[in-house]
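Visitor:
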Amino acid sequence: MEKQEIRTFGRRHGKKLSPRKQSLLANVLPAISPKNIKNAGNLILEIGFGNGEHVRDLAIRNPETIIIGAEPFMNGVAALLSAITTESDNKIMDEYKNIRIWPDDVRKMFNELDAKFNEIWVLHPDPWPKAKHEKRRLLNADFLNLLGTKLAPHGQIIIGTDHWEYFDWITDQAKKTALYASFPPLSVIHTRYAKKNMAGTNAPKYIILTNQ
Ligand SMILES: C[S@@+](CC[C@H](N)C(=O)[O-])C[C@H]1O[C@@H](n2cnc3c(N)ncnc32)[C@H](O)[C@@H]1O
Numbered sequence: 561m562e563k564q565e566i567r568t569f570g571r572r573h574g575k576k577l578s579p580r581k582q583s584l585l586a587n588v589l590p591a592i593s594p595k596n597i598k599n600a601g602n603l604i605l606e607i608g609f610g611n612g613e614h615v616r617d618l619a620i621r622n623p624e625t626i627i628i629g630a631e632p633f634m635n636g637v638a639a640l641l642s643a644i645t646t647e648s649d650n651k652i653m654d655e656y657k658n659i660r661i662w663p664d665d666v667r668k669m670f671n672e673l674d675a676k677f678n679e680i681w682v683l684h685p686d687p688w689p690k691a692k693h694e695k696r697r698l699l700n701a702d703f704l705n706l707l708g709t710k711l712a713p714h715g716q717i718i719i720g721t722d723h724w725e726y727f728d729w730i731t732d733q734a735k736k737t738a739l740y741a742s743f744p745p746l747s748v749i750h751t752r753y754a755k756k757n758m759a760g761t762n763a764p765k766y767i768i769l770t771n772q
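If you read the sequence shown in my numbering, its first letter stands for residue 561, the second for the next number, and so on.
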């Protein structure tokens, strides 16, 4: 972020991490930074991956593609690292070798990494439901336009949320951009937030945005 951006996320740190997770952050995380990527093949980005369930699913379903996850909440980053490494020696499991992690605000990554993505996923973005917090919503028209510039030819931005008011707001923001919107039914694995919200609330709705 060159200028001071409005903060779109809550905490960066939660409860104290286990020694294993601290070691993963210190020793494994730097080795899987997306900074070293040469944009040769296909790339998928997930923004705000939480504990990383969907990043892992993407990695398994797209073994030839580099999957970048961006998440500033370090307990989430540590949870993903823990799930993709062996407990005995902290080595990344073969099926997750295509995962890269940006442990910070994705907008900072865009300033450092000049890459184009085939898919950009945002699942259950923070809804910031109070009117006074609306400015913290990440998926405003400016940000959606920025994401549009990060798409490879025929690339897609896929956004899902069960917060229907935020969904309608995002749809309105998308109308202020040059992007095309479609609303196909999708079958996406349930992330922690999807599960947390499932009891008695709304089913997730999805919007896909493209440049053409
Ligand atoms: C409600 S959680 C959903 C997490 C996960 N996608 C899921 O469905 O379980 C939203 C996540 O977006 C992250 N986030 C918010 N603003 C972000 C930003 N600018 N860059 C990257 N991640 C962000 C937050 O830290 C938080 O973990």
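Just so you know, even glycine gets a beta-carbon here, dropped at the ideal spot from N, CA and C.
Among Asp722, Gly574, Ile680 and Lys575, which residue has its Cα nearest to the Cα of Glu606?
Guide: Your numbering for residue 606 matches position 46 in the sequence shown. The option with the nearest alpha carbon to Glu606 is Ile680.
Visitor: Is Arg752 near ligand 1 - that is, is its Cβ less than 6 Å away from at least one heavy atom of it?
Guide: Position 192 of the sequence shown holds residue 752. It does: the Cβ of Arg752 is within 6 Å (strictly closer) of some heavy atom of ligand 1.
Visitor: If we require 3 or more residues per run, which beta strand (DSSP E) segments fall completely within the stretch 696–769?
Guide: Listed in chain order, the complete beta strand (DSSP E) runs (minimum 3 residues) inside the stretch 696–769 are 711–721 and 740–742.
Visitor: Pairing CB atoms from the stretch 636–645 with CB atoms from the stretch 667–678, are three or more of them under 8 Å?
Guide: Contact between the stretch 636–645 and the stretch 667–678 is absent, because fewer than three Cβ pairs lie under 8 Å.
Visitor: Roughly how many angstroms separate the alpha carbons of Ala638 and Asp728, rounded to a whole number?
Guide: Looking up residue 638 in the sequence shown gives position 78. Looking up residue 728 in the sequence shown gives position 168. Roughly 33 Å between the two C-alpha positions.
Visitor: Where does Arg660 fall in DSSP's three states?
Guide: Numbered from 1 along the sequence shown, position 100 holds the residue referred to as residue 660. If DSSP states are grouped into helix, strand and coil, Arg660 belongs with the strands.
Visitor: With a cut-off of 8 Å, do at least 3 Cβ pairs link the stretch 653–660 to the stretch 616–623?
Guide: They touch, by the three-pair rule.
Visitor: Let me know the alpha helix (DSSP H) ranges lying completely inside the stretch 568–602, each 4 residues or longer, listed in chain order.
Guide: Counting only runs of 4 or more, we get 579–587.
Visitor: Would you kindly work out how many angstroms separate the C-alpha atoms of His750 and Leu707, rounded to a whole number?
Guide: Start at 1 with the first residue of the sequence shown, and residue 750 comes out as number 190. Start at 1 with the first residue of the sequence shown, and residue 707 comes out as number 147. Roughly 24 Å between the two C-alpha positions.
Visitor: Go ahead and label Asn611 buried or exposed: buried means 16 or more other beta carbons lie within 10 angstroms of its beta carbon, across all protein chains shown.
Guide: Residue 611 sits at position 51 when you count from the first residue of the sequence shown. Buried, because 16 or more other Cβ atoms sit within 10 Å of the Cβ of Asn611.
Visitor: To the nearest whole angstrom, what separates the beta carbons of Asn771 and Leu711, a pair I think is in contact under 8 Å?
Guide: Here residue 771 refers to the residue found at position 211 of the sequence shown. Here residue 711 refers to the residue found at position 151 of the sequence shown. With 8 Å as the limit, Asn771 and Leu711 qualify as a contact, their Cβ atoms being about 6 Å apart.
Visitor: For the structure I just gave you, are there three or more beta carbon pairs, one from the stretch 692–706 and one from the stretch 732–745, closer than 8 Å?
Guide: The stretch 692–706 is in contact with the stretch 732–745.
Visitor: Please state if the CB of Leu683 and the CB of Thr568 are separated by a distance shorter than 7 Å.
Guide: To locate residue 568, count along the sequence shown from 1; it is residue 8. To locate residue 683, count along the sequence shown from 1; it is residue 123. Contact flag unset, no.
Visitor: According to DSSP, what are the bridge partners of Ala630?
Guide: What you label residue 630 is simply residue 70 of the sequence shown in a count that begins at 1. Answer is Ile607 and Trp662.
Visitor: Please list the terminal residues of the continuous beta strand (DSSP E) segment that includes Leu683.
Guide: Translated into the one-based positions of the sequence shown, residue 683 becomes position 123. Looking at the DSSP string, the run of the beta strand (DSSP E) that includes Leu683 is Phe677 to Leu683.
Visitor: Within the continuous alpha helix (DSSP H) that includes Glu613, where are the two ends?
Guide: Taking the first residue of the sequence shown as 1, we reach residue 613 at position 53. Taken as a continuous stretch (DSSP letters only), the alpha helix (DSSP H) holding Glu613 covers Glu613 to Arg621.
Visitor: Exposed or buried, what is Asn700 when buried is set at 16 or more other beta-carbons lying within 10 Å of its beta-carbon?
Guide: The count along the sequence shown starts at 1 and reaches residue 700 at position 140. Classification of Asn700: buried, given that the 10 Å Cβ count is 16 or more.
Visitor: Going by beta-carbon coordinates alone, are Gly720 and Pro764 separated by less than 7 Å?
Guide: For the purposes of this step, residue 720 is taken as the residue at position 160 of the sequence shown. For the purposes of this step, residue 764 is taken as the residue at position 204 of the sequence shown. A contact, by the Cβ cut-off of 7 Å.
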